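So the sequences go chain by chain: A and B.
Offset between the first sequence (1-based) and this note's numbering: plus 723.
Offset between the second sequence (1-based) and this note's numbering: plus 895.
Scroll down for the structure; my scribbles are underneath it.
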Amino acid sequence: MNHLPDDLRRLEAEAIFIFREVIAECRKPVMLYSIGKDSSVMLHLARKAFHPANLPFPLLHIDTTWKFRDMIRFRDETAERLGLDLIVHINRAGLEQGINPIQHGSAAYTGVMKTDALKQALTAHGFDAAFGGARRDEELSRSKERVFSFRSKNHVWDPRNQRPELWNVFNCRIAPGESIRVFPLSNWTELDVWRYIEHENIRVVPLYFAARRPVVRRGGNLIMVDDARLPIGADEVVQDLAIRFRTLGCYPLTGAIESSAATVSDIVRELETASMSEREGRLIDFDQTGSMERKKREGYF
Amino acid sequence: MKAISDPKVKAPSGREGGAVQRDLLRLITCGSVDDGKSTMIGRLLLDCGAVFEDRRRALERDSKAVGTTGDAPDAALLLDGLQAEREQGITIDVGYHHFATPRRRFIVADTPGHVHYTRNMVTGASNADLAVLLVDASQDMLEQTQRHSFICALLGIRDIVLAVNKMDLVDFDERIFSGIRDAFAGFSSSLHFRSVMAIPTSAVLGDNVTRRSGRMAWYHGPTLLEQLEIVEIHADAAPQLRMPVQWVNRPDATFRGYAGTVASGELHPGDEVLIARTNVRTRIERIVSMDGDLARAGAGDAVTVLLADDIDVSRGDLLASPDKPPQIADAFACDLVWMSEAPLLPGRSYLLKCGNRTVGATITTLKYRVDVTNYAHLAARQLALNDIAYVNIATVEPIAVDPYQENRTTGGFILIDRLTNETVGAGMIRFGLNRAANIHHADFDVTKAARAQLNGQRPIIIWFTGLSGAGKSTIANLLERKLYALGKRTYLLDGDNVRQGLNRDLGFTEADRVENVRRVAETAKLFVDAGLITLVALISPFRAERRMARAIVAADEFIEIFVDTPVEICEQRDPKGLYRKARRGEFRNFTGIDSPYEPPEHPDLILDTATESAEHLADKVMQFLRRRGVLD
Ligand SMILES: Nc1nc2c(ncn2[C@@H]2O[C@H](COP(=O)(O)OP(=O)(O)OP(=O)(O)O)[C@@H](O)[C@H]2O)c(=O)[nH]1
Ligand SMILES: [Mg+2]
Chain A
724 MNHLPDDLRR
734 LEAEAIFIFR
744 EVIAECRKPV
754 MLYSIGKDSS
764 VMLHLARKAF
774 HPANLPFPLL
784 HIDTTWKFRD
794 MIRFRDETAE
804 RLGLDLIVHI
814 NRAGLEQGIN
824 PIQHGSAAYT
834 GVMKTDALKQ
844 ALTAHGFDAA
854 FGGARRDEEL
864 SRSKERVFSF
874 RSKNHVWDPR
884 NQRPELWNVF
894 NCRIAPGESI
904 RVFPLSNWTE
914 LDVWRYIEHE
924 NIRVVPLYFA
934 ARRPVVRRGG
944 NLIMVDDARL
954 PIGADEVVQD
964 LAIRFRTLGC
974 YPLTGAIESS
984 AATVSDIVRE
994 LETASMSERE
1004 GRLIDFDQTG
1014 SMERKKREGY
1024 F
Chain B
896 MKAISDPKVK
906 APSGREGGAV
916 QRDLLRLITC
926 GSVDDGKSTM
936 IGRLLLDCGA
946 VFEDRRRALE
956 RDSKAVGTTG
966 DAPDAALLLD
976 GLQAEREQGI
986 TIDVGYHHFA
996 TPRRRFIVAD
1006 TPGHVHYTRN
1016 MVTGASNADL
1026 AVLLVDASQD
1036 MLEQTQRHSF
1046 ICALLGIRDI
1056 VLAVNKMDLV
1066 DFDERIFSGI
1076 RDAFAGFSSS
1086 LHFRSVMAIP
1096 TSAVLGDNVT
1106 RRSGRMAWYH
1116 GPTLLEQLEI
1126 VEIHADAAPQ
1136 LRMPVQWVNR
1146 PDATFRGYAG
1156 TVASGELHPG
1166 DEVLIARTNV
1176 RTRIERIVSM
1186 DGDLARAGAG
1196 DAVTVLLADD
1206 IDVSRGDLLA
1216 SPDKPPQIAD
1226 AFACDLVWMS
1236 EAPLLPGRSY
1246 LLKCGNRTVG
1256 ATITTLKYRV
1266 DVTNYAHLAA
1276 RQLALNDIAY
1286 VNIATVEPIA
1296 VDPYQENRTT
1306 GGFILIDRLT
1316 NETVGAGMIR
1326 FGLNRAANIH
1336 HADFDVTKAA
1346 RAQLNGQRPI
1356 IIWFTGLSGA
1366 GKSTIANLLE
1376 RKLYALGKRT
1386 YLLDGDNVRQ
1396 GLNRDLGFTE
1406 ADRVENVRRV
1416 AETAKLFVDA
1426 GLITLVALIS
1436 PFRAERRMAR
1446 AIVAADEFIE
1456 IFVDTPVEIC
1466 EQRDPKGLYR
1476 KARRGEFRNF
1486 TGIDSPYEPP
1496 EHPDLILDTA
1506 TESAEHLADK
1516 VMQFLRRRGV
1526 LD
């Protein structure tokens, strides 16, 4: 029917089915929009699922105030261009306490500015289903998660007690106050995401493409100096290197890779021979062992 | 010896490739606990270059900390990602992983062997084309291996790789391998697999996983990876069109699209289609997509179609080929896997979700339960966690279905508990038991409304629930006298009396109690239809059945009254001496003693017999009936 290779077509159809099922059965869904490549793909798939209707749900961005400036620019442009209903939520209490990734460490900071913020927003709006762009190839605890993943009233995930999930017959029923996290990209790999971006011409944040940018080396990572808030140690040097990002988040916690991949097809080729996983550059996954599972149990995406 | 196809030659492309089109094989590993499933898949991932450098390093670190293989990396830790799994060294839930060779792309679901987590294995099996069934060469064939084989067959997996693993523990002895292979062939012959390839392996050492083993020169067949690459996967694609309508897309008054995923067959603009439920025919006008209209859509495609006629179609309807329509029925014979800690009780009402349709459903007959060790049929009155059975099921409305073996989408369903929302069962339809189209509900000229009018009253069910000795019969009796005095036509269905006749065949097990309540509820419904004010005095201990009783009549035809007497007081009164006998252990399953009572969550009325007299409480009910407008 279209120009997509079979495997991508299958993944696309599966994701569209999931979007429609949620809209048909849930009361008040929302899409968690993190501005990254997975979110871009998710947004594209959702538009396909409901075409010619508009998106039947809003997008929610949890803004920690430490995102790359390019991400925020891209977010606002995208919302404008596609006429999206975008909710931006910041944990004001955390902000007033001055919680930041530099002094408080990634674990505490993520807990307050991401996990708590997300729970605040979901509760305040009464969303009963939230789409997320997580994939099972990203991380071990994710490989175990259902497509429809249940959260108790306190947004807690209980990995030992997941509902059976057969075929594509999804049980969307929940009690008042409970919610579902839904992952339409569960069965995609990082490479699938980029191949799909290439085939479908999907726009992504420019930071994914190599360019010379100012960085410092810190604990084996390349941290981009995105604004003046990043303290530079006396023994550190800011240098311009050709870098790009495989994953985007809060800039002081996101490591870049040296790369010359300047186009989507360069990236696809680079990934085919990559030896490191995409999460290697994410400082927050490594701050404690089993940290992703723990964060997810607490309500992190 | 060097592997025949050494996937490491171009290591990283083992993960996946861009340009070449490769087909996708979805597989599961299954078998008994500790047979080496996770280790085997870990080995495959490592040998196919599907593990990134940083994860390899993490694996080495983790292996030292929690591994089971001494200093060598414990490949199972690449899969057992939950903290609890690592602590216990077992798999708890199914995990999904990707790998690829130049020939094929694979998604493998690594499932737990432990019997307690069988439902997680079922989850993995439901989407698999092939199963790698592991057996520990150093052990006898275990019950769990047989259960998994049976489940694979039931869910429609036709191709099996029998990996006889841990050959290193039996000195790579060919006789042990052939013994297990033949034993499997023996007991699985009734399961009708299309292909079974037995391979002797050592997941820990890597023998015959991706590399041919020098230690088992007597084996000449393929390695596991070779078998996975060459096995033919026929999609058993049924030719007839089936497209469940998932969502109606109505952005404005001019556009009414039906969104859904084609389950089988093809769609083209101009094709004639049948709406199965209403038996109405129409034509496909357009297939709409964000990239423009399509000339064709096939199985697996998620589409939006416009129909030529303005007809009644909604979510849960099925578009089908007019020449090969699905069966429309409200009773089915099906295979069922039970996945809940709470037992399956025939007669209890569940929700059934098939395709995009959700309807109320009841197991009407438990024909037999399967003994997984010898596939014998056993009589059963209820099902426990992980039981597999053959049952008849009835739905409250007719639905359109196909046999599961012909179509997984229109033949597979889940059962959902109405109260906990848990997914409690997975069903595979064999055939419809009736053609609902042929069963007419008999309509008569004298209607319920006419009978009610002649009686000059509003027929209603007044349902008293509470413990034995709570005072249900006493209050119901007083109430009936008061109603009679007002000239109302009534009938009192009392638990004890009903058990002497209509329900004489029932005992006090959970299953029988469910059936007891169901029959009384249906009888009460008929009496309401006859125009009577119907009083029911019945312990009716379970919420689910009381909810069912309420659901089968109109919303304003049911009043639930909770006679709320604490068990200590009932036991003191003990009018029939039953509590004393139950305490002495003379009989079992006595509500409040060794059988549960679930108090109503939202009763219409609560009567407290500890502080008020029965006479007074009956008056209270009368007042309530007046307020509800039942008595004027
Ligand atoms: N000697 C020997 N040990 C093995 C082999 N394969 C696995 N093992 C060991 O058997 C134990 C269990 O392996 P797992 O891979 O966790 O078993 P599993 O089948 O995934 O177990 P569950 O998922 O919990 O059902 C581990 O200690 C493995 O190292 C083998 O071929 N030979
Ligand atoms: Mg395992």
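Virtual Cβ for every residue (Gly too), placed ideally from N, Cα, C.
For clarity, every value in this text was computed on a predicted model and none was experimentally measured.
In chain B, no part has a C-beta under 7 Å from the C-beta of residue 870 (chain A); the shortest such distance is about 10 Å. Bridge pairing for residue 1043 (chain B): absent [DSSP]. Of all residues in the segment 907–926 of chain A, the ones placed with a Cβ closer than 7 Å to any Cβ belonging to chain B are 910, 912, 914 and 918, in chain order. By the rule that beta-carbons nearer than 8 Å mark a contact, residue 1016 (chain A) touches chain B. Residues of chain A with a Cβ closer than 7 Å to the Cβ of residue 1317 (chain B) are, in chain order, 886.
Listed in chain order, the positions of the segment 887–901 of chain A with a beta carbon within less than 7 Å of a beta carbon of chain B are 887, 888, 889, 890, 892, 894, 896, 897 and 898. When DSSP states are grouped into helix, strand and coil, residue 881 (chain A) belongs to the coil group.
Against residue 1146 (chain B), the close residues of chain A are 775, 776 and 777, in the order they occur along the chain (beta-carbon pairs closer than 8 Å). Proximity to residue 1387 (chain B) across B:1402, B:1398, B:1359 and B:1400 peaks at B:1359, based on C-alpha coordinates.
Here the distance from the Cβ of residue 941 (chain B) to the nearest heavy atom of ligand 1 is not below 7 Å.
The beta carbon of residue 760 (chain A) does not come within 8 Å of any beta carbon belonging to chain B, so the residue lies off that interface.
Cβ-Cβ distances below 8 Å link residue 1143 (chain B) to 1151, 1152, 1153, 1154, 1208, 1209 and 1210 in the same chain, with the five nearest sequence neighbours on each side left out; the list follows chain order. For the pair residue 739 (chain A) and residue 1197 (chain B), the Cα-to-Cα distance works out to about 7 Å.
Fewer than three Cβ pairs drawn from the segment 928–947 of chain B and the segment 742–750 of chain A lie within less than 8 Å of each other, which leaves the two stretches out of contact. Residue 967 (chain A) is positioned such that its CB atom lies no closer than 8 Å to that of residue 997 (chain A).
Using a Cβ-Cβ cut-off of 8 Å, residue 1233 (chain B) does not count as an interface residue toward chain A, since no Cβ of chain A sits closer than that to its own. Residue 993 (chain B) and residue 860 (chain A) do touch by the CB rule: their CB atoms are close to 6 Å apart, below 8 Å. Along the segment 731–751 of chain A, the positions whose C-beta sits under 7 Å from a C-beta of chain B are 733, 736, 739, 740, 743, 744, 746 and 747, read in chain order.
The C-beta of residue 866 (chain A) comes closer than 8 Å to at least one C-beta of chain B. Following the DSSP letters along the chain, one finds residue 946 (chain A) inside the beta strand (DSSP E) bounded by residues 944–947.
The closest CA to that of residue 1053 (chain B), considering only B:1087, B:1071, B:1077 and B:1029, is found on B:1087. For residue 935 (chain A) against residue 964 (chain A), the beta-carbon gap comes to about 7 Å, under 8 Å, which counts as contact. As a beta-bridge residue in DSSP terms, residue 1090 (chain B) pairs with B:1054. When distances are taken from the beta-carbon of residue 1096 (chain B) to the heavy atoms of ligand 2, even the shortest one reaches 7 Å or more. Excluding residues up to 5 positions away in sequence, 918, 920, 1024, 1025 and 1054 lie with their Cβ nearer than 8 Å to the Cβ of residue 1128 (chain B) in the same chain.
The DSSP-derived three-state label of residue 973 (chain B) is helix. Taking a 10 Å sphere around the C-beta of residue 851 (chain A), we find 16 or more other C-beta atoms and assign the residue as buried.
Residues of chain A with a Cβ closer than 8 Å to the Cβ of residue 1248 (chain B) are, in chain order, 892 and 894. Between residue 1275 (chain B) and residue 1289 (chain B), the CB-CB gap reaches or exceeds 8 Å.
In this structure residue 1029 (chain B) is in contact with residue 924 (chain B), their Cβ atoms being roughly 6 Å apart against a cut-off of 8 Å. Ligand 2 has no heavy atom closer than 7 Å to the beta-carbon of residue 1084 (chain B).
Taking the Cα positions, residue 1046 (chain B) is about 49 Å away from residue 1469 (chain B).
Taking the CA atoms as reference points, residue 1522 (chain B) sits about 27 Å from residue 1440 (chain B).
CA-CA distance, residue 1466 (chain B) to residue 1510 (chain B), rounds to 21 Å.
The beta carbon of residue 1303 (chain B) falls within 8 Å of a beta carbon belonging to chain A, placing the residue at that interface. One finds 992 and 993 in chain B with Cβ atoms closer than 8 Å to the Cβ of residue 860 (chain A), taken in chain order.
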